[in-house]
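Chains as they are written, first to last, in the UniProt record's numbering: chain A, 1 to 333; chain B, 1 to 333. See structure below.
2 protein chains.
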Amino acid sequence: MQRPLRVLITGGTGFIGKRLARHLLDQPTLALEGEAPREIGKITLLDAFPADDLPDDPRLDVRIGEIDDSALLEELTREVDLVWHLAAVVSSAAEADFDLGMRVNLHGLLALLEVLRAQPKPARLVYASGFAVFGGPLPEVVVDDTLPTPVSSYGTQKAIGEMLVNDYSRRGFVDGRTLRLPTIAVRPGKPNKAASTFVSSIIREPLVGERAVCPVTPETPVYITSPRRVLDAMLHAMSLDGERLGQSRTIPLPGLTVTIAEMVAALESVAGPAARELIEWHADAEIQRIVASWPSRVEAPRAAELGFHADGDIESIIRAHVEDEGITLTGDQ
Amino acid sequence: MQRPLRVLITGGTGFIGKRLARHLLDQPTLALEGEAPREIGKITLLDAFPADDLPDDPRLDVRIGEIDDSALLEELTREVDLVWHLAAVVSSAAEADFDLGMRVNLHGLLALLEVLRAQPKPARLVYASGFAVFGGPLPEVVVDDTLPTPVSSYGTQKAIGEMLVNDYSRRGFVDGRTLRLPTIAVRPGKPNKAASTFVSSIIREPLVGERAVCPVTPETPVYITSPRRVLDAMLHAMSLDGERLGQSRTIPLPGLTVTIAEMVAALESVAGPAARELIEWHADAEIQRIVASWPSRVEAPRAAELGFHADGDIESIIRAHVEDEGITLTGDQ
């Protein structure tokens, strides 16, 4: 009988980290491909920010600290089995503060990889990247081997991270796998400093009777994935036997291509015309430019072969958000 | 009248660094595109190793130190105008010693970029990368936007470096340009720890009556460039106005595709059948695998548009080597 699994989630008090932690605490065991299911012994959440809505569970340990603090990382990765590396400074924030982005997105990952390398047994590592690694001129359809040409520091740092995870894995220092994530919508909580934050705002805020600003035109297509699919992908990526991934550990994920107009129509269909009226259209040329530089049409055959799935339609995504967040729609009252 | 140019060459006591320094000392001025020709005021060569064959010139300053020594770099880059960053731990060495490769190839570049970023005026930077950024499955012909899939730590570090130079340039911290170099042949001096070192050895050693080992089959194609073309490319890349390069600062260079058999035939044509007999054929599966993982058929239209040229044929390359190194051929005696 193997000992219970030890888990580290960086960026652990972010919304994906918390969902992952709750899921792992709720399940009695975790099954890694080719292994017998194992108990979860300990889950450490490392983040720069605390959270007040985490379960009170003796297996859960929340640590506030910096992701490039090697001494702290060394302590937190002692005999760790599974690491989800979600800590990141998002796109607009990394653009506004170059030093901060480099410190967290590049040097934080390097520090983590180095302490993991020093472990006696290579830990499994899931690294969160995104389609923001693109940004330069794009082919009409982005495929698995399209060249990343980032034109943001965030995208650059993520593209570099993908390569580092590949090389550390190739050398057997970690057993890494990188998920290149579509824009996540509907993201719960407050707007953040990602250039894509409006993609969630225009659904999330009207659903609770608040105004939201849309800085792009209705025709703008976006490539999205729901929080539920992200959670599935995080768990599935960790479960996969590293041998199946081969030389490239980067998995561009399947997503759903929708226009903003389609999102708004689905919002109306779920929450009525009043919700739609809460969206204010204020064009922002810079945001429009950045969003247009991201892929909207993507084919991801490799992920499909590995068993990853996209969302079916935007209306289901919105209904799932309503359910997950326990939102009471005006029409329901 | 602008003040004389200040130049830093890292890896400056390597053979390209030395040629570059000699060239700059020999020319009274250097013309950067769109600027009046300027005098060379000072050339600093930074390297971990000394050289005993450098010209005695008051403009030349040779400094022995480490490329990740930020304090030293800060001193050497004060008011620097032009930087050729050639310092590198080559492929097999970076594979044998991961820490050394990361320290020099990644952290050395990061340290250099950071001190250059702190300068009041963005310096022009030429960064030497190579086709070793490839290594995974390749299309039949590698083109400018083929996805790098390094399967060596050296290739990974170089591919990361290309992206860092892009992002630091995009932000205006440096005015960078990256040359993705073919295998250099005929490289003068001694064999080094590059997996490709034999490509030079099989010509260089027999030309002076010494034995050389060829670890790959005669049919193996290689993609090469001569030291003369590299020197031209280093100077031309520096002269180009950064605005012409646009978003991607990476310039994959044109080269010459030849098989080892063609190289050996050209050697015989230049130096007679006795030279050919000095090559010993000892197959090395690992070297064969690595060399086969590098592109041999390459199209580089972007570099051609920017005015970079490939060598015409292998025999001319060998004759140029004989001339540059002042070799007396047996047949001439």
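We treat Cβ as the ideally placed atom computed from N, Cα and C, and that holds for glycine.
Counting only beta-carbon atoms, is B/N105 nearer than 8 angstroms to chain D? The structure shown contains no chain D; its protein chains are A and B.
Cβ neighbours of A/N166 in the same chain (closer than 8 angstroms, five flanking residues each side left out): G176, T178, Q247, S248, R249, T250
Cβ neighbours of A/L148 in the same chain (closer than 7 angstroms, five flanking residues each side left out): Just to set this straight, residue 148 of chain A is Pro in the shown sequence, not Leu. Only V133, F134, A159 meet the Cβ criterion.
Shorter than 8 angstroms from the beta carbon of B/I160 to some beta carbon of chain A? yes
Pick helix, strand or coil for A/H85, following the three-state DSSP scheme. In the structure shown, A/H85 falls within a strand segment according to DSSP collapsed to helix, strand and coil.
8 angstroms is my cut-off, CB to CB: does residue 334 of chain B come that close to chain A? Limits of chain B in this structure are 1 at one end and 333 at the other, which puts residue 334 of chain B out of reach.
From the DSSP output, which residues share a beta bridge with B/W281? The bridge partners DSSP lists for B/W281 are B/C214.
Whole-angstrom C-beta distance between B/V258 and B/P221, which should lie under 8 angstroms: 7 angstroms
CB contact flag (B/F308, B/P273, <8 angstroms): Going by C-beta atoms, B/F308 is not nearer than 8 angstroms to B/P273.
Is it right to say A/R229 is buried, meaning 16 or more other beta carbons lie within 10 angstroms of its own, or is it exposed? buried
Using a Cβ-Cβ cut-off of 8 angstroms, state whether B/F134 counts as contacting chain A. Residue contact with chain A for B/F134: absent (no Cβ-Cβ distance below 8 angstroms to any residue of chain A).
Could you say which of A/H282, A/E205, A/D232, A/R289 lies nearest to A/R276 if we only look at CA atoms? A/E205
Residue burial classification, A/L86 (beta-carbon count within 10 angstroms, cutoff 16): buried
Top-ranked residue by Cα proximity to B/D53, from B/F15, B/L30, B/A304, B/E79: B/F15
C-alpha gap between A/D144 and A/P252, whole angstroms: 6 angstroms
At 4 residues or longer, and completely inside the stretch 106–187 of chain B: list those alpha helix (DSSP H) runs for me, N to C. Runs of the alpha helix (DSSP H) inside the stretch 106–187 of chain B: 109–117, 153–170.
How is the beta strand (DSSP E) around A/G41 delimited, first residue to last? 38–47
Under 8 angstroms between C-beta atoms, does A/F98 make it to chain B? yes
Tell me the rounded alpha-carbon separation between A/A303 and B/G209. 56 angstroms
Between the stretch 58–67 of chain A and the stretch 263–273 of chain A, can you find at least three pairs of beta-carbon atoms closer than 8 angstroms? no
So for A/V90, helix, strand or coil by DSSP? Correct three-state label for A/V90: coil.
Beta-carbon of B/R276 versus every beta-carbon of chain A: anything under 8 angstroms? no
Any heavy atom of the ligand NAD closer than 7 angstroms to the beta-carbon of A/L235? Only the bare structure without any ligand can be found here, which leaves the ligand NAD out of the picture.
Is there a C-beta anywhere in chain A that falls below 8 angstroms from the one on B/R171? yes
A/I270 - partner residues in DSSP beta bridges: It is worth fixing the name first, because residue 270 of chain A is Val in this sequence and not Ile. Its beta-bridge partners do not exist; DSSP assigns none.
Runs of alpha helix (DSSP H) wholly within the stretch 2–32 of chain A (minimum 4 residues, chain order): 15–26
If you compare alpha carbons, which of A/A96, A/P150, A/V83 is closest to A/V115? A/V83
Would a check of beta-carbon distances place B/T149 closer than 8 angstroms to chain A? Contact with chain A is found for B/T149, since one of that chain's Cβ atoms lies less than 8 angstroms from the residue's Cβ.
Mind checking which residues open and close the beta strand (DSSP E) that includes residue 356 of chain B? Given a span of 1 to 333 for chain B in the structure shown, any question on residue 356 of chain B remains unanswerable.
Hey, does A/Q247 have any beta-carbon neighbour from chain B nearer than 8 angstroms? yes
Listed by chain order, chain B residues near A/D81 by CB distance under 9 angstroms: Chain B residues near A/D81: none, gap ~23 angstroms exceeds 9 angstroms.
Beta-bridge pairing of A/V258 - partner residues as DSSP gives them: A/V222
On a CA-only basis, which of A/K121, A/A237, A/A48, A/A292 is nearest A/F173? Give me that one, please. Of the candidates A/K121, A/A237, A/A48, A/A292, the one whose C-alpha sits nearest the C-alpha of A/F173 is A/K121.
In terms of alpha-carbon separation, which member of B/L329, B/D311, B/V298 lies closest to B/P139? Among B/L329, B/D311, B/V298, the Cα nearest to that of B/P139 is on B/V298.
Could you work out which residues of chain A lie near B/T146, taking near to mean beta carbons separated by less than 8 angstroms? L147
In the DSSP assignment, the beta strand (DSSP E) including A/T250 goes from what residue to what residue? 250–252
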